[in-house]
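To keep things clear, I will list the structure first and then write my remarks on it.
Residue numbers (the numbering used here): 16 to 200.
Okay, here's the thing in structure tokens:
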């Protein structure tokens, strides 16, 4: 078994292969945030491409787990959206104002949460790591795997988020996401 790391447009993908057949990947992407304080309901960042989220164009994979690394250690709650197509929820650091038609056209794949009261997290001196989970109400927080599917001409899906609670201020490179993906087709 060997590992291969590919970096494209600031995102790195580490794939594990067995006999040349890719079984899955650990994909790391960085979101670009605004450096002004965010409030409840604000769009956190523009859509982030998750390259090689599926193995083949239009293929499917299983998202088995996801983590967020916060270099600013903010006490913030988030709603995280995964789309088949690059879909903007609105202007960064303003209330999400996407139309119903545009939301539907983006082909929503999944919605997750990070709730500072519910998430399993590790807070170190200079970084906070939170596990993304399926609900903002249940304890303990859980992550249920989700099927991802890319557009017929792509192997990427897209991630974006809104602030659900609290206020926060970030540096432009404060948030990173780690996704564990198992390729299905």
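Note that CB positions come from ideal geometry on N, CA and C, so glycine has one too.
Buried versus exposed call for residue i [16 or more other C-beta atoms within 10 Å across all chains shown]
i	result
residue 3	In the structure as shown, the chain begins at 16 and stops at 200. Residue 3 is therefore absent and cannot be evaluated.
residue 139	exposed
residue 116	exposed
residue 55	exposed
residue 91	buried
residue 183	buried
residue 200	exposed
residue 172	buried
residue 76	buried
residue 33	Confidence at residue 33 is low in this model, with a pLDDT of 47, below 50, so its placement is unreliable and no value can be given for it.
Beta-carbon proximity list for residue i, same chain, < 7 Å, skipping 5 on both sides
i	result
residue 112	105
Cβ neighbours of residue i in the same chain (closer than 6 Å, five flanking residues each side left out)
i	result
residue 189	48, 86, 87
residue 63	44, 46, 174
residue 80	158, 195
Distance between beta carbons of residue j and residue i, contact taken as under 8 Å
i	j	result
residue 99	residue 177	Actually they do not touch by this definition, with Cβ atoms about 19 Å apart.
residue 124	residue 163	6 Å
residue 38	residue 170	With 8 Å as the limit, residue 38 and residue 170 do not qualify as a contact, their Cβ atoms being about 15 Å apart.
residue 41	residue 193	7 Å
Alpha-carbon spacing of residue i relative to residue j, whole angstroms
i	j	result
residue 167	residue 102	16 Å
residue 16	residue 97	Because the pLDDT at residue 16 is just 42, under 50, the model does not fix this residue reliably, and the value given afterwards should be weighed accordingly. Roughly 30 Å between the two C-alpha positions.
residue 83	residue 146	6 Å
residue 181	residue 128	14 Å
residue 148	residue 58	19 Å
residue 53	residue 107	9 Å
residue 198	residue 74	8 Å
residue 143	residue 191	11 Å
residue 122	residue 165	10 Å
residue 10	residue 141	Outside the modelled stretch of the chain, which goes from 16 to 200, sits residue 10, for which no answer is possible.
Same chain, Cβ closer than 8 Å to residue i, five either side skipped, listed in chain order
i	result
residue 50	184, 185, 186, 187
residue 126	94, 95, 96, 97
Any non-hydrogen atom of the ligand NAP closer than 7 Å to residue i Cβ
i	result
residue 98	As far as ligands go, the structure on display features none, and thus does not contain the ligand NAP.
- Message: At 3 residues or longer, what runs of the beta strand (DSSP E) sit wholly inside the region 39-117?
- Response: 58-65, 75-85, 92-98
- Query: Whole beta strand (DSSP E) runs in the region 152-185 with 3 or more residues, listed along the chain?
  - Reply: 161-164, 172-180
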